[in-house]
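In order, the protein sequences belong to chains A and B. Per our numbering, the very first residue in the first sequence carries number 802; after that it's consecutive. Per our numbering, the very first residue in the second sequence carries number 3; after that it's consecutive. Ideal Cβ positions, reconstructed from N, Cα and C, are used throughout, including at glycine. A short worksheet on the structure shown next.
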Amino acid sequence: DTGVSQDPRHKITKRGQNVTFRCDPISEHNRLYWYRQTLGQGPEFLTYFQNEAQLEKSRLLSDRFSAERPKGSFSTLEIQRTEQGDSAMYLCASSLGGFGTEAFFGQGTRLTVV
Amino acid sequence: GQQLNQSPQSMFIQEGEDVSMNCTSSSIFNTWLWYKQDPGEGPVLLIALYKAGELTSNGRLTAQFGITRKDSFLNISASIPSDVGIYFCAGHTASGTYKYIFGTGTRLKVLA
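Below, the structure is given as C-alpha cells:
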C-alpha cells in the first residue's frame, strides 16, 4: 500500500490557463476529499466523494473548479481560467467512510499562478 | 470556511521539554484527529479520538477528546528537534456532514 498519491507535486501556470490535478486514494477507501491550503492556514474543505458520487461542495469551489471521480477510484480536480488567487497547495485525502474513520492525506500539489 | 481555534499559534521550546496545545470549537464534534505537517508536505495523521473523555497515546504523544466534545488536547513529552512542524487538529462535527474541519494550526519550534 503506497498511501494517497497526488500528481503533479508542483505546477506553475500562467494566469488564464487551465490545470488538472490527479489523486489516487488508498485502494480500499471509498471516500475521497479535496482541500486547499494557503500559506499559514489550515486546510480548507473543497469537496468530497463517496465512491463516484460528489456529495458535498464548499462555497470555495467556484464555477471555475470541477472535480470528478468517474469510477470511484482516482479523482481529478480541474481549475479553469486560473487566477493568481488560486495559488495554493491542493491536498487530497481518503478514508474508509463513516464518522469513526480517519483521513489520510497525499503529499499535495503546489500550484503557482504567475 | 469554518475552522477550529488552536492555541497557542506558535511556541518555542527547549529540547526535552513537554508541550501542550489545544483545539476548541463552538460546535460538538464526533471525531478528533491530530496531524503534523512539515513544509511542502501533506499532513500526517498522529492520533485519532472517537469518544468523549478518551485518552490515546502514540509514543511520546498523548491526546484527549474533551468531555464537552467541543475541545481536544495534544501533549508531546520530552520534545526532540524532529518534533518541529505545524500541528493541526481536525474533526467531524455532529451535524451530519462527513467533511473534516481543520484548526488554524500550532507551529512548534524546538531549540536544541
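Original post:
Closer than 8 Å, CB to CB, is G55(B) near chain A or not?
Top reply: As a first step, residue 55(B) is located in the second sequence; it is residue number 53 there, counting from the start. No, G55(B) lies away from the interface with chain A (no Cβ there is under 8 Å from its Cβ).
**OP:** Please name the residue or residues paired with G1(B) in a DSSP beta bridge.
**Re:** Look at the range of chain B in this structure, 3 to 114, and you will see that residue 1(B) is not part of it.
Original post:
Using a Cβ-Cβ distance under 8 Å, would F822(A) count as near chain B?
Top reply: In the first sequence, residue 822(A) corresponds to position 21, counting from 1. False, the Cβ-Cβ gap to chain B never drops below 8 Å.
Original post:
Does any C-beta atom of chain A lie closer than 8 Å to the C-beta of F14(B)?
Top reply: Taking the second sequence and counting its residues from 1, the one referred to as residue 14(B) is at position 12. For F14(B), no Cβ of chain A is located within less than 8 Å of the residue's own Cβ.
Original post:
What separation, rounded to the nearest whole angstrom, lies between the Cα atoms of L856(A) and Q11(B)?
Top reply: Residue numbering aside, residue 856(A) sits at position 55 when the first sequence is read from its first letter. Residue numbering aside, residue 11(B) sits at position 9 when the second sequence is read from its first letter. When rounded, the distance between both Cα atoms is 33 Å.
**OP:** Establish whether the CB of Q66(B) and some CB of chain A are separated by less than 8 Å.
**Re:** Residue numbering aside, residue 66(B) sits at position 64 when the second sequence is read from its first letter. Residue contact check for Q66(B) against chain A: no CB pair falls below 8 Å.
Subject >> chain A residues whose Cβ lies nearer than 9 Å to that of L47(B) >> reply: As a first step, residue 47(B) must be located in the second sequence, where it is residue number 45. Against chain A, a Cβ distance below 9 Å from L47(B) picks out E903, A904, F905, F906.
**OP:** Report all residues from its chain with a CB closer than 8 Å to the CB of E56(B); omit the five preceding and five following residues, and keep chain order.
**Re:** Position 54 of the second sequence, counting from 1, holds the residue named residue 56(B). Same-chain partners within the cutoff: Q66, F67.
**OP:** Would you check if the stretch 86-96 of chain B and the stretch 18-36 of chain B touch, i.e. whether three or more CB-CB distances between them fall below 8 Å?
**Re:** Yes, since at least three Cβ pairs between the stretch 18-36 of chain B and the stretch 86-96 of chain B fall closer than 8 Å, the two stretches touch.
Subject >> D73(B), DSSP secondary structure in three states >> reply: Translated into the one-based positions of the second sequence, residue 73(B) becomes position 71. In this structure, D73(B) counts as strand in the three-state DSSP scheme.
**OP:** Spatial neighbours of F822(A) within its chain, please: CB distance less than 6 Å, with the 5 preceding and 5 following residues excluded, ordered by chain position.
**Re:** Here residue 822(A) corresponds to residue number 21 of the first sequence, with the count starting at 1. Apart from the 5 residues on each side of it in sequence, F822(A) sits with its Cβ closer than 6 Å to the Cβ of L878, Y891, T910 in its chain, given in chain order.
Original post:
From R882(A), Q842(A), G873(A), Y849(A), pick the residue whose C-alpha is nearest to that of V820(A); which is it?
Top reply: Taking the first sequence and counting its residues from 1, the one referred to as residue 820(A) is at position 19. The option with the nearest alpha carbon to V820(A) is R882(A).
**OP:** Go through its chain and collect everything with a Cβ distance to V914(A)'s Cβ below 7 Å, but skip five positions before and after it.
**Re:** Residue mapping note: residue 914(A) aligns to position 113 of the first sequence, counting from 1. Same-chain partners within the cutoff: T814, R816, T883, E884, Q885, D887, S888.
Subject >> Neighbour flag for E857(A) against chain C, beta carbons, 8 Å >> reply: Among the chains of the structure shown, chain C does not appear; the protein chains present are A and B.
Subject >> Cβ neighbours of G87(B) in the same chain (closer than 7 Å, five flanking residues each side left out) >> reply: Looking up residue 87(B) in the second sequence gives position 85. K38, Q39, D40, L110.
Subject >> Bridge partner(s) assigned by DSSP for Y834(A) >> reply: What you label residue 834(A) is simply residue 33 of the first sequence in a count that begins at 1. Beta-bridge partners assigned by DSSP to Y834(A): Y849(A), A894(A).
Original post:
Going by C-alpha distance, which of S84(B), Q5(B), D73(B) is nearest E17(B)?
Top reply: Along the second sequence, one-based indexing puts residue 17(B) at 15. Restricting attention to S84(B), Q5(B), D73(B), the CA atom closest to the CA of E17(B) is found in S84(B).
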